[in-house]
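Single-structure report; data block below.
Numbering (this note's numbering), first residue to last: 1 to 319.
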């Protein structure tokens, strides 16, 4: 929530979709610009967890100081899922993992470097409660990675998770066909889209993987260059896609060198310094090429949601 100087009105993004101009209500969702969070659950990392990634540090899981560094640089979000949704985020990047030797074989967690404290089912119930309180806001939940899914039990774990999702969200789930618009979602009483990066074609309520484009670098210049190329030449037609502003630490031995020389920093501090430049690029590029979901780290920083949502108003002017 933010206030403009000189105005008494306080603008909130907790219900921004329902407040979009009527001219956009019948546009397919891939024609809207939607704020998303990258590694949405990373605010909840558990320091007592073993290291899930990067691979080169797994063998050092027993060392508290190493786990602390992984936590410090793996935490890409500062606020809870509820606060992210309240801030205006509508796409959540949910990376799933299973703990080794968990007494409950079907209990799952999220991860980014380390596992989270909170399990998947608890967070999904929280998201469902939020969706019920905001029936005209469309949420896109992207499930991916599925670390620790032992091949022998892989299908059973996926079946359990998909059935839990279908039972929990029920009639709120948007079907893949016909392609939803804000108006069709509102008319049908649906406001949750499930993207699942594992074959689930037998479930009409479960969507496939949403393309996610990112620069795979800590260099802003490279990130902007890769995304510009994607938006101008490779962008998929007539489907949801993600433009990831997120910066990415190297996965090889260079990660140790990068972190070592920044012992007093954290990933969220690095993003706070660099996000303003990325948002200026979003505004400039968004005036040239359509964007759909724009995902970032530290999404609750001032300016991110406002910048992305504002692109919809620009589209409306062009209509």
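Positions of the beta carbon are idealized from the N, C-alpha and C atoms, including for glycine.
Through-space distance from residue j to residue i, alpha-carbon basis
i	j	result
residue 21	residue 306	16 Å
residue 161	residue 23	37 Å
residue 95	residue 110	5 Å
residue 72	residue 267	7 Å
residue 17	residue 297	21 Å
residue 312	residue 55	40 Å
residue 107	residue 238	36 Å
residue 185	residue 101	41 Å
residue 228	residue 212	14 Å
residue 289	residue 64	46 Å
residue 4	residue 12	Caution applies to residue 4, whose pLDDT of 37 falls short of 50 and renders its modelled position unreliable; the model cannot decide the point.
residue 165	residue 93	15 Å
residue 128	residue 169	6 Å
residue 85	residue 309	14 Å
residue 87	residue 223	25 Å
residue 240	residue 214	15 Å
residue 272	residue 248	14 Å
residue 154	residue 14	37 Å
residue 32	residue 167	28 Å
residue 74	residue 105	26 Å
residue 280	residue 221	13 Å
residue 141	residue 60	32 Å
residue 121	residue 40	15 Å
residue 157	residue 163	10 Å
residue 226	residue 103	44 Å
residue 89	residue 232	25 Å
residue 7	residue 285	Bear in mind that a pLDDT of 34 at residue 7, under 50, signals an unreliable position, so the model cannot answer this.
DSSP-derived helix/strand/coil call for residue i
i	result
residue 170	helix
residue 93	strand
residue 287	coil
residue 148	coil
residue 160	helix
residue 241	coil
residue 210	coil
residue 153	helix
residue 180	coil
residue 298	coil
residue 126	helix
residue 307	helix
residue 10	The pLDDT assigned to residue 10 is 38, lower than 50, so where the model puts this residue is not dependable, and the model offers no usable value.
residue 102	coil
residue 35	strand
residue 230	helix
residue 5	Unreliable positioning characterises residue 5 in this predicted model, as indicated by a pLDDT of 36, which lies under 50. The coordinate reading is nonetheless provided below. Residue 5 falls in the coil class under three-state DSSP.
residue 138	coil
residue 44	helix
residue 198	coil
residue 17	helix
residue 28	strand
For residue i: DSSP bridge partner residues
i	result
residue 52	In the DSSP output, where bridge partners are listed per residue, residue 52 has none listed.
residue 112	114
residue 293	34, 242
residue 119	109
residue 193	140
residue 236	DSSP output for residue 236 lists no bridge partner at all.
Own chain, CB closer than 8 Å to residue i, minus 5 neighbours either side, in chain order
i	result
residue 189	135, 171, 172
residue 126	81, 82
residue 119	107, 108, 109
residue 191	131, 134, 135, 136, 137, 138, 139, 172, 174, 185
residue 47	64, 67, 68, 71, 114
residue 78	43, 268, 298, 300
Selected residue, minimal CA-CA separation from residue i, among the options
i	options	result
residue 36	293, 300, 69	293
residue 42	70, 289, 127, 196	70
residue 148	51, 233, 29	51
residue 112	238, 68, 312, 270	68
residue 299	289, 275, 290, 280	275
residue 205	178, 89, 187, 218	178
residue 98	75, 60, 151	151
residue 117	19, 243, 44, 194	44
residue 57	286, 250, 285	250
residue 193	187, 202, 91	91
residue 195	187, 242, 232, 286	242
residue 295	236, 76, 25	76
residue 216	183, 123, 38, 27	38
residue 218	146, 314, 304, 270	270
residue 19	286, 146, 182, 176	182
Cβ-based neighbour list, residue i, same chain, cut-off 6 Å, excluding 5 preceding and 5 following
i	result
residue 278	245
residue 197	144, 209
residue 180	29, 174
residue 230	213
Own chain residues within Cβ distance below 7 Å of residue i, not counting five before or after
i	result
residue 283	307
residue 49	114, 115
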